[in-house]
Every structure is written in structure tokens, then in C-alpha cells.
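*Asks:* Encoded as C-alpha cells, here's the structure I'll be asking about.
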Amino acid sequence: MHRTARSLATAACLAISASAALTATAAPATAGPAGHARAEGALIRYGEALPDGARARVKAVYDGAGRTHVQLQVWGLAPNTEYGAHAHTNACGATGAAAGPHFQNSVDPTSPSTDPRYANPTNEIWLDLTTNAAGHGVATTRVPWQFEPTRRAKSVILHVEHTHTGPQDSGVAGARLGCLTVPF
Ligand SMILES: [Cu+2]
Numbered sequence: 320m321h322r323t324a325r326s327l328a329t330a331a332c333l334a335i336s337a338s339a340a341l342t343a344t345a346a347p348a349t350a351g352p353a354g355h356a357r358a359e360g361a362l363i364r365y366g367e368a369l370p371d372g373a374r375a376r377v378k379a380v381y382d383g384a385g386r387t388h389v390q391l392q393v394w395g396l397a398p399n400t401e402y403g404a405h406a407h408t409n410a411c412g413a414t415g416a417a418a419g420p421h422f423q424n425s426v427d428p429t430s431p432s433t434d435p436r437y438a439n440p441t442n443e444i445w446l447d448l449t450t451n452a453a454g455h456g457v458a459t460t461r462v463p464w465q466f467e468p469t470r471r472a473k474s475v476i477l478h479v480e481h482t483h484t485g486p487q488d489s490g491v492a493g494a495r496l497g498c499l500t501v502p503f
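In this note's numbering, each residue carries its 1-based index in the sequence shown increased by 319.
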């Protein structure tokens, strides 16, 4: 119940801001029944490296076993190209930095978090993908946890590189190219 009301409020806010800005990119996000979240729309662009008109759709499912399943689909990106993508803590803003760090289930006391004990695809939501010849890509992930009511990811950021997994640079994926606000 709570989540539905909150998501509807978020959708309303997005609708208002979308109608107020000519460059509006995030389509009104809609939430399904309890246990689902979904958002779709044009990616907010943070540079020329992201093709104009690039779009994304994110679906999250919270299953009865306490897990979270997330799918990211993108359209209109460069063909045959690797991108990194993750769930971030804040909604999209005017700059890539506005989305904050990666959402972590267990939060690294050190920031920025590049420690693979925290910056890994089990503790974070990683959605790296490689586009096909048409610039379409799909990524899915599953993590063994769900968001708390008051601490949820709020966006998906698309990065210029696949996510690194080294001992010193885990979670790093280069520049932030685009963003979709998601009412996880
Ligand atoms: Cu990221």
C-alpha cells in the first residue's frame, strides 16, 4: 500500500516536471501492483556520446523469496557497443553526479566505494550490456535482497564502459552518459 501511494506520488511529480520542461526526458514512471516497479522513457543525456533520442525501460520484480530481479532495455544507442549500467541512490538530475553513488545493500563505509567486498554485482544492481547492430540492448540481474521502505535506489545510470571488477577499481565504469529515474 505504502509503495503504491509513494510511486503514484513520484509519477505525479515526474509528470509535472515533464510538462514544465521542453527537454523533459523521463517519462512518467508507473508502478505495477505491489512487488513490481517499472519506468520507461528517454534517457537524460549528459553528453554527445549518448545518441539523441536514446530510450530505456527498467522493470523490477520483488519475489516472494526476498530477491530482486531487474531488467534494463535500451534503444537508440550506438551499435555493437559496450555500456555499463547500475542502480544509483538518487533520482536523475541536471548532471550525472546528481544521481549519487551506486545503491548498495550493505553500504561501504568508504566513499567512493571501489572495494570489491562492497562494489560487486551481488551487493549492487549491475546492468551492463552490449548493444546489437541496431543499438538495442538488454541486461538482467538478480540480487538476494530487496529495498527497505525508506532506502531505495531511484535511478539507473548508463556509463561509457563495462563495469570494472579489479581490487582497486571495482564498480567503476567511466563517464555517466545518461539516466532514467526509476521508482524502485
Ligand atoms: Cu553507475
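Note that CB positions come from ideal geometry on N, CA and C, so glycine has one too. No experiment lies behind these values; they were computed from the predicted model shown.
Check whether the Cβ atoms of T482 and T450 lie closer than 9 Å to each other.
*Replies:* Within the sequence shown, numbered from 1, the residue matching residue 482 stands at position 163. Within the sequence shown, numbered from 1, the residue matching residue 450 stands at position 131. No. Outside cutoff.
*Asks:* Helix, strand or coil, according to DSSP, for A373 in the structure here?
*Replies:* For this step, residue 373 is matched to residue 54 along the sequence shown. Three-state result, A373: coil.
*Asks:* Who are the Cβ neighbours of Q487 in its own chain at under 8 Å, not counting the five residues just before and after it?
*Replies:* One-based indexing of the sequence shown puts residue 487 at position 168. Closer than 8 Å at Cβ, skipping near neighbours: T433.
*Asks:* At which residue ranges does the stretch 465-490 contain complete alpha helix (DSSP H) runs of 4 or more residues, listed in the order of the chain?
*Replies:* Correct list: empty.
*Asks:* If you compare alpha carbons, which of I363, H478 and R374 is closest to G395?
*Replies:* What you label residue 395 is simply residue 76 of the sequence shown in a count that begins at 1. Among I363, H478 and R374, the Cα nearest to that of G395 belongs to R374.
*Asks:* Is G403 near ligand 2, with its Cβ less than 8 Å from a heavy atom?
*Replies:* Judged by which ligands are present, ligand 2 is missing from the structure shown, whose ligands are ligand 1.
*Asks:* Once DSSP output is grouped into helix, strand and coil, what is the label at A361?
*Replies:* Numbered from its first residue, the sequence shown carries residue 361 at position 42. Strand, per DSSP.
*Asks:* Please name the residue in S425, T429, G415 and P431 whose C-alpha comes closest to that of H478.
*Replies:* Against the sequence shown, residue 478 aligns to sequence position 159. Nearest C-alpha to H478: G415.
*Asks:* If you pair each beta-carbon of the stretch 359-377 with each one of the stretch 491-500, do three or more pairs fall below 8 Å?
*Replies:* Yes, they touch.
*Asks:* From A397 to T460, what distance separates their C-alpha atoms?
*Replies:* As a position in the sequence shown, residue 397 is number 78, starting the count at 1. As a position in the sequence shown, residue 460 is number 141, starting the count at 1. The straight-line gap from Cα to Cα measures roughly 22 Å.
*Asks:* Measuring straight from C-alpha to C-alpha, what distance separates R445 and F503?
*Replies:* As a first step, residue 445 is located in the sequence shown; it is residue number 126 there, counting from the start. As a first step, residue 503 is located in the sequence shown; it is residue number 184 there, counting from the start. Sequence check: residue 445 is Trp here, not Arg. Between W445 and F503, the C-alpha separation is close to 14 Å.
*Asks:* For the beta strand (DSSP E) containing H455, list its first residue and its last residue.
*Replies:* As a working mapping, residue 455 is identified with position 136 in the sequence shown. Segment: none, H455 is in no beta strand (DSSP E) and carries neither H nor E.
*Asks:* Cα-Cα, which of P370, A494, V475 and P463 is closest to S425?
*Replies:* Mapped onto the sequence shown, residue 425 falls at position 106. The candidate whose alpha carbon is nearest that of S425 is P463.
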